[in-house]
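Visitor: The following block contains the structure, expressed as structure tokens.
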Amino acid sequence: MKKASLVFLISSIILVLSVLLYLNLGSYKMSIADIFKTFLGNGTNPQNFAIFELRLPRVILAIIVAFALSISGVIFQTITKNPLSEPGIIGINSGAALFVILLISSNTSTYYAKLPISTVLLIPIVAIIGAMFSIILIYLFAYKKRFKPIKFILTGIAINTGFSAIISFYQLSVSKGDYNQVLTWTSGSLWGSNWNYILLTLPFILILIIVTLIKSKTLDILTLGDELSYGIGVNVQKESVLFIFIASFLAAIATSVAGNIAFLGFISPQISKSIIGYSHCKIIVLSGIIGSIILVLSDAIAKNLFSPIEIPVGIIVSILAVPYFIFLIIRDRRFK
């Protein structure tokens with residue numbers, strides 16, 4: 007068996023086991039046998055409710071969000087030629103989060119599950135507008151005659167800092183109820199875990215992932231540098247802008263249903279590259295799987311560690327990112 011096939015098989019098995027563990031955990035305890043019986047249509051009413059209304063949509067949403075953020079991270083790291091680049095760092099997530107926070111907070115008397123259908127449908131649209139607003143700002147400040155990765159990243163960090171400051175200022179001026187909603191977005195939480203949000207976001211993310219896979223060879227070429235890419239016949243400026251907008255849409259849609267989950271778009275591409283090499287077709291798929299494993303397990307910890315109190319999953323992901331950063335520092339020192 008080829009290395010790539012073995013890696014995909016093992017990672018897929020780990021993801022399936024992670025999902026089973028997730029479905030097993032919770033205030034209402036269920037065995038693995040109970041889970042399978044429920045899927046086969048032989049579950050009790052409480053079991054059906056726990057699986058089909060609470061846990062299954064949430065774990066599916068976690069996988070959708072993980073694929074979107076991980077692939078967005080792959081694209082940004084390739085386009086900017088910087089392994090630290092990801093949507094949470096360069097302002098995409100914070101721009102989407104800021105716009106959605108303003109929308110949701112206008113419904114001050116309701117919580118997410120009770121928002122009117124008009125607001126529910128608007129959330130992904132507003133998130134995309136916020137992300138696009140961030141990208142347009144970055145583009146206006148960073149783009150001059152040609153795309154420069156380092157200028158793009160520095161401008162993105164500045165935009166991210168500015169939006170984060172606005173969100174922090176907003177937190178100081180809102181009521182306690184609104185503060186909890188804002189905290190949900192800034193810390194990252196899979197709040198949009200119902201079938202309506204899944205059906206609303208899944209088609210768009212699938213289309214963007216398929217487009218990215220189809221154009222994965224172009225990403226391979228872009229890693230060779232601008233001069234070689236132009237020599238091969240690739241329009242670097244045009245392709246870079248296209249991929250940036252694809253990555254931004256992926257991050258925006260994920261943020262619209264999960265809030266601002268940082269570092270996932272950094273960790274999973276890095277792990278994937280260290281395992282499987284630099285073929286983007288493989289990296290894209292493996293990053294999505296690894297990101298899904300990380301987010302599913304992180305949300306399991308977030309929900310059950312201090313149950314019934316639920317920790318925002320973004321905090322758990324950030325904590326898990328710390329040892330990986332330390333590992334990268336140690337590895338870099340050894341190579342030097």
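The working numbering applies: residue 7 is where the sequence shown begins, and numbers increase by one.
Using N, Cα and C, we set each Cβ at its ideal position, and we do this for glycine too.
In this text, all values refer to a predicted model and were calculated from it rather than measured experimentally.
1. Which same chain residues, not among the five before or five after V13, have their C-beta less than 7 Å away from its C-beta?
2. Verify whether the separation of the beta carbon atoms of F158 and A103 is less than 9 Å.
3. List the DSSP bridge partners of R152.
4. Nearest to N54 by alpha carbon, out of Y34, I69, I144, I238?
5. Is A119 helix, strand or coil when you go by DSSP?
6. Whole angstroms is fine: what's the gap from T207's alpha carbon to I259's?
7. Rounded C-beta distance between I77 and T218? I'm assuming under 8 Å.
8. With DSSP collapsed to three states, give me the class of I216.
9. My guess is that G265 and F73 are in contact by the Cβ rule of under 8 Å, so how many angstroms apart are they, rounded?
10. What number of angstroms, rounded off, separates the C-alpha of L46 from the C-alpha of G32?
11. Which residue marks the beginning of the alpha helix (DSSP H) containing L358, and which one marks its end?
12. I'd like to confirm the pairing. Which residues does DSSP put opposite I315 in its beta bridges?
13. Can you tell me whether M36 is helix, strand or coil according to DSSP?
14. Pull up the distance between the alpha-carbon of D40 and that of A253, whole angstroms please.
15. Mapping DSSP to helix, strand and coil, what is G49?
16. Closer than 6 Å by C-beta to I134: which residues in its own chain qualify, once you throw out the five before and the five after it? Chain order, please.
17. Count the C-beta pairs between the segment 57-69 and the segment 193-201 that are closer than 8 Å, then say yes if the count reaches three, no if not.
18. Roughly how far, in whole angstroms, is the beta-carbon of L230 from the beta-carbon of T84, given that I think they are within contact range, below 8 Å?
19. Closest to V323 by CA distance: which of F331, L23, F269, S274 is it?
20. Measure the CB-CB distance between V302 and S24 and report whether it falls below 9 Å.
21. Is the distance from the Cβ of L256 to the Cβ of P155 below 9 Å?
22. Roughly how many angstroms separate the alpha carbons of I172 and K309, rounded to a whole number?
23. Grouping DSSP H, G and I as helix and E and B as strand, with all else coil, what is K87?
24. At the level of alpha carbons, what is the spacing between I57 and H286?
25. Report the option in I213, G162, L178, I300 whose CA atom is closest to the CA atom of N99.
26. Could you tell me if F105 is buried or exposed, where buried requires 16 or more neighbouring beta carbons within 10 angstroms of its beta carbon?
27. Could you compute how far the alpha carbon of I144 sits from the alpha carbon of I216?
28. Restricting to runs no shorter than 4 residues, where is the alpha helix (DSSP H) found entirely within the segment 211-262?
29. Rounded to whole angstroms, what's the CA-CA distance from L205 to I211? Just pull it up for me.
30. Could you tell me the boundaries of the alpha helix (DSSP H) in which Y28 lies?
31. Using the beta-carbon count (16 or more within 10 Å), is I290 buried or exposed?
32. So, S298 versus L21, is the Cβ gap smaller than 9 Å?
33. Between the alpha carbons of K279 and I296, how many angstroms are there, rounded?
34. Answer yes or no: do G79 and S91 have a C-beta to C-beta separation smaller than 9 Å?
Guide: Walking through what the data contain:
1. I281, I282, L292.
2. no
3. K150
4. Y34
5. For A119, the pLDDT reaches just 48, beneath the cut-off of 50, and the residue's location in the model is therefore unreliable, leaving the point undetermined.
6. 7 Å
7. Indeed they touch by this definition, with Cβ atoms about 6 Å apart.
8. helix
9. G265 to F73, Cβ: 17 Å. No contact.
10. 21 Å
11. This structure cannot settle anything about residue 358, because the visible part of the chain is limited to 7 through 342.
12. F312
13. coil
14. 39 Å
15. coil
16. A258
17. yes
18. Not really, about 11 Å apart at Cβ, beyond 8 Å.
19. F269
20. yes
21. no
22. 29 Å
23. Note: K87 maps to coil in three-state DSSP.
24. 35 Å
25. With distances taken between CA atoms, N99 lies nearest to G162 out of I213, G162, L178, I300.
26. By the 10 Å Cβ count, F105 comes out buried.
27. 26 Å
28. 222-228, 232-238
29. 11 Å
30. 9-30
31. When all chains shown are included, I290 counts as buried.
32. yes
33. 11 Å
34. yes
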